[in-house]
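Line by line, the protein sequences are chains R and W. Quick note, my numbering runs 1 ahead of the 1-based positions in the first sequence. Quick note, my numbering runs 1 ahead of the 1-based positions in the second sequence. Below is one structure, written out as structure tokens; the observations come after it.
Number of protein chains: 2
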Amino acid sequence: MDEHANHDVLIEGVLNGEWRATARAISIVEDLRPGRVEILARLYLAGRSSSVCGITGPSGAGKSTLVDALASRYRDADERVGIVCVDPTSPFSGGALLGDRIRMNEIVVDPGVFIRSMATRGSRGGLGRAAREVISIVEATGTERVIVETVGVGQIELDIAEAADTVVVVLVPESGDGIQAMKAGLMEIGDVFVVNKADRDGADGLLIEIESVLALRTGQEWSPPVLTTIASQGQGIEELAEAIDTHRQWLVSSGEGERRRRHRIVSYVKEIVLDALATGLWEEGGYSDKLDESLQEIMAGRKDPFSAAEEIVSASRMLESLNMDTD
Amino acid sequence: MDEHANHDVLIEGVLNGEWRATARAISIVEDLRPGRVEILARLYLAGRSSSVCGITGPSGAGKSTLVDALASRYRDADERVGIVCVDPTSPFSGGALLGDRIRMNEIVVDPGVFIRSMATRGSRGGLGRAAREVISIVEATGTERVIVETVGVGQIELDIAEAADTVVVVLVPESGDGIQAMKAGLMEIGDVFVVNKADRDGADGLLIEIESVLALRTGQEWSPPVLTTIASQGQGIEELAEAIDTHRQWLVSSGEGERRRRHRIVSYVKEIVLDALATGLWEEGGYSDKLDESLQEIMAGRKDPFSAAEEIVSASRMLESLNMDTD
């Protein structure tokens, strides 16, 4: 009962936009502690209204500086800002590395800004989902803006792209195979493109390169703008803020925002269902023992993993049946 | 029947070490085509005996050159080599980018070497599993050596580390936040460390840095060696090959190899079980309709995703029971 009461207070705190309650709620969700489902479910029902913007790009593109500049711009308009930094390149270090990242002091001490860094989660494959859940908690605080900053690599981008209304891809005038490769992946998820550090040599060339790659994107109604910024000097930030808003308006008017939201919900429910089934099998259903038996057979080369899995699935269906009969 | 017969031939071809059959089997598995399970299950039962080595590190570390040099070294000893290149930074481009990668000509045309590149898979989160399945097929060909080359970022590393006997982490004398961050993640999965391009400035410093970070690794019986190579000149390759073999011998003598194999099997069976349950629900069980109904409620703010998931799980258990009763 006490625990339940605590969650009431915590949830109310989040909904009232209290950062301390928000940080505590996020920790419960990240660490998969009791109360996680209740918190997420109730905050979910409170609805969402934030503009969620993902900012991604290769390491060294100046994403943090850009995020800070954008946040300052929103603060100037008296909008509250939540910043979530996700670093999938560091699956083991528990976020410590993000700790030595230097943010603009005015952003860090501004009571209108909430900042949270995430680098890992207990289980493999969980960072994307954890990030989406953290974003939903920050949204529930009622901040007008949520900015999600990620290093532009691999699968996490897809998760963030799914959670965000608008994905801003940040590139800098540089070359190299790795960056080329990343660009290829990033070109398809960006709603807005930014050539940052635009005073460097090669900025014009990069701009042209991006536009020519974007010209190959077919079957999409939205034509991503390509902007130039010098984030460290605040140049181009106003135009970026406008492009993000224009994209959001397009999401509404085109129906694409609705479509994305449907897709997001379906994926989320499916994930939760599979989690529940997995927990039911391995933790509650006693199938870990059955798996151990099969393990011996597999190790001995007498059984393959697919046959072992098939046996477990069949047995679970049998047991469900028995359980229902005796209820 | 015909299809089954074809798979017999295909499977026999793989087991006989025919590259064309191997490539076809891999395509069936990658594309999730019919016959996938049969192929994987039967090849699995054929056992594994390859030494599987993962080579990972940041973009620009010279991994491809190192892989080619190592493969040449194995070829000199008349061992057959399978090379699997996995690029998770390119989730959208379907492997096209890896196509312009230039390999040593002698490796590409050597009939004792099988090379396969992977960059994507239909479903999100599937690249790691697909890579592990591709590795298992290459192993079934009976090559003495399998080398898996990946860009050192994020979750895919964990999948490769799980599939490999020995993980070699390749770094170069350079600096930068991104690389620092990657190093932090990579430090914990490496069994052998290589400072490549060791003739560059800063190589000694990097060596000392790696050793000092490794000194912080606790509770592990294996002390990873730190080697220097100049892969482009073949320098240090012999020592690397020896370190990989020493590590593999340690895996056997310490029992760690056995422990890893158990863990690998348990994860794999669990994945297959969850896949089967998901397919049962969404594709065969008709729960997609139920999900659609919930979707409307969720969109309208009258239901949260957790309640929707709970209803589907309960309904599926009920239906299983009815099915069993009427069987």
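Each residue gets a CB set at the ideal place from its N, CA and C atoms; glycine is no exception.
For residue i, which residues in chain B fall below 8 Å Cβ to Cβ?
{"i": "R:Leu16", "result": "Looking for chain B here will not work: the only protein chains present are R and W."}
In angstroms, rounded to a whole number, what distance separates the CA positions of residue i and residue j?
{"i": "W:Val196", "j": "R:Phe115", "result": "40 Å"}
{"i": "W:Val152", "j": "W:Arg260", "result": "26 Å"}
{"i": "W:Lys271", "j": "W:Arg263", "result": "12 Å"}
{"i": "R:Glu257", "j": "W:Ala162", "result": "39 Å"}
{"i": "R:Gly9", "j": "R:Arg265", "result": "What sits at residue 9 of chain R in the sequence shown is Asp, not Gly. Between R:Asp9 and R:Arg265, the C-alpha separation is close to 27 Å."}
{"i": "W:Arg125", "j": "W:Ile273", "result": "Reliability of the predicted coordinates at W:Arg125 is poor, the pLDDT of 44 falling under 50, and the value obtained from them is presented with this limitation in mind. Taking the straight line joining both Cα atoms gives about 16 Å."}
{"i": "R:Glu175", "j": "W:Gly203", "result": "22 Å"}
{"i": "R:Met119", "j": "R:Val85", "result": "7 Å"}
{"i": "R:Pro306", "j": "W:Leu44", "result": "11 Å"}
{"i": "W:Glu212", "j": "W:Val227", "result": "7 Å"}
{"i": "W:Ala164", "j": "W:Ser268", "result": "11 Å"}
{"i": "R:Asp200", "j": "W:Lys198", "result": "32 Å"}
{"i": "W:Gly179", "j": "W:Met188", "result": "Model confidence at W:Gly179 stands at a pLDDT of 43, short of 50, so the residue's coordinates are unreliable; what they give is reported in the following sentence. Approximately 14 Å, taken between the alpha carbons."}
{"i": "R:Ala132", "j": "R:Leu11", "result": "20 Å"}
{"i": "R:Asp205", "j": "R:Ile190", "result": "22 Å"}
{"i": "R:Trp20", "j": "R:Ile108", "result": "14 Å"}
{"i": "W:Val38", "j": "W:Glu222", "result": "37 Å"}
{"i": "W:Glu330", "j": "W:Gly143", "result": "Chain W is shown only over 2 to 328; residue 330 of chain W falls outside these bounds and no answer can be derived."}
{"i": "W:Gly55", "j": "R:Asp77", "result": "50 Å"}
{"i": "R:Ser1", "j": "W:Ile209", "result": "Chain R is shown only over 2 to 328; residue 1 of chain R falls outside these bounds and no answer can be derived."}
{"i": "R:Glu294", "j": "W:Trp251", "result": "27 Å"}
Report the three-state DSSP secondary structure of residue i (helix, strand or coil).
{"i": "W:Ser60", "result": "coil"}
{"i": "R:Phe93", "result": "Summary for R:Phe93: the model assigns pLDDT 42, below 50, so the residue's position carries little reliability; its value from the coordinates is reported in the next sentence. Of the three classes helix, strand and coil, the one that applies to R:Phe93 here is coil, per DSSP."}
{"i": "W:Thr23", "result": "helix"}
{"i": "R:Glu31", "result": "helix"}
{"i": "W:Gln236", "result": "strand"}
{"i": "W:Pro306", "result": "helix"}
{"i": "R:Gln297", "result": "helix"}
{"i": "R:Asp111", "result": "coil"}
{"i": "R:Ala165", "result": "coil"}
{"i": "W:Gly203", "result": "coil"}
{"i": "R:Gln221", "result": "coil"}
{"i": "R:Gly286", "result": "coil"}
{"i": "R:Glu189", "result": "coil"}
{"i": "R:Ala216", "result": "coil"}
{"i": "W:Asp328", "result": "Its pLDDT being 39, under 50, W:Asp328 is placed unreliably by the model, and the measurement read from it follows with that caveat. Coil, per DSSP."}
{"i": "R:Gly14", "result": "helix"}
{"i": "W:Ala279", "result": "helix"}
{"i": "R:Ala70", "result": "helix"}
{"i": "R:Tyr47", "result": "Tyr is not the amino acid found at residue 47 of chain R; the sequence shown has Ala there. Of the three classes helix, strand and coil, the one that applies to R:Ala47 here is coil, per DSSP."}
{"i": "R:Ala140", "result": "As written in the sequence, residue 140 of chain R is Glu, which differs from the Ala given in the question. R:Glu140: helix per DSSP, three-state reduction."}
{"i": "W:Glu259", "result": "helix"}
{"i": "W:Glu175", "result": "coil"}
Tell me whether the beta-carbon of residue i lies closer than 9 Å to the beta-carbon of residue j.
{"i": "W:Val149", "j": "W:Val53", "result": "yes"}
{"i": "R:Arg130", "j": "R:Asp160", "result": "yes"}
{"i": "R:Arg249", "j": "R:Thr167", "result": "yes"}
{"i": "R:Ala42", "j": "W:Ser315", "result": "no"}
{"i": "R:Val170", "j": "R:Thr23", "result": "no"}
{"i": "W:Ile313", "j": "W:Leu292", "result": "yes"}
{"i": "R:Val173", "j": "R:Leu207", "result": "yes"}
{"i": "W:Val147", "j": "W:Gly237", "result": "no"}
{"i": "W:Glu80", "j": "W:Glu158", "result": "no"}
{"i": "R:Ser224", "j": "R:Leu215", "result": "yes"}
{"i": "W:Leu33", "j": "W:Val87", "result": "no"}
{"i": "W:Ala310", "j": "R:Ala277", "result": "yes"}
{"i": "W:Pro35", "j": "W:Ile29", "result": "yes"}
{"i": "W:Gly286", "j": "W:Ser317", "result": "yes"}
{"i": "W:Leu275", "j": "R:Leu275", "result": "yes"}
How about residue i: is its Cβ closer than 8 Å to a heavy atom in the ligand FAD?
{"i": "W:Leu282", "result": "Questions concerning the ligand FAD fall outside what the structure shown contains, since it holds no ligand whatsoever."}
By DSSP's criteria, residue i is part of a beta bridge. Which residues make up the other side?
{"i": "R:Ser118", "result": "R:Cys86"}
{"i": "R:Arg146", "result": "R:Ser52, R:Val82"}
{"i": "R:Leu228", "result": "R:Val195"}
{"i": "R:Thr151", "result": "R:Thr57, R:Val87"}
{"i": "W:Leu128", "result": "According to DSSP, W:Leu128 bridges with nothing at all."}
{"i": "W:Val170", "result": "W:Thr57, W:Phe194"}
Any contact of the stretch 13-31 of chain W with the stretch 297-304 of chain W, i.e. 3+ C-beta pairs under 8 Å? no
Spell out a yes or no on whether the stretch 275-282 of chain R and the stretch 239-258 of chain R are touching, meaning 3 or more CB-CB pairs, one atom from each, closer than 8 Å. no
So does the stretch 43-51 of chain R actually touch the stretch 128-142 of chain R, counting three or more Cβ pairs closer than 8 Å? yes
I'd like to know if the stretch 218-235 of chain R and the stretch 58-74 of chain R are in contact, where contact means that at least 3 CB-CB pairs between them fall below 8 Å. yes
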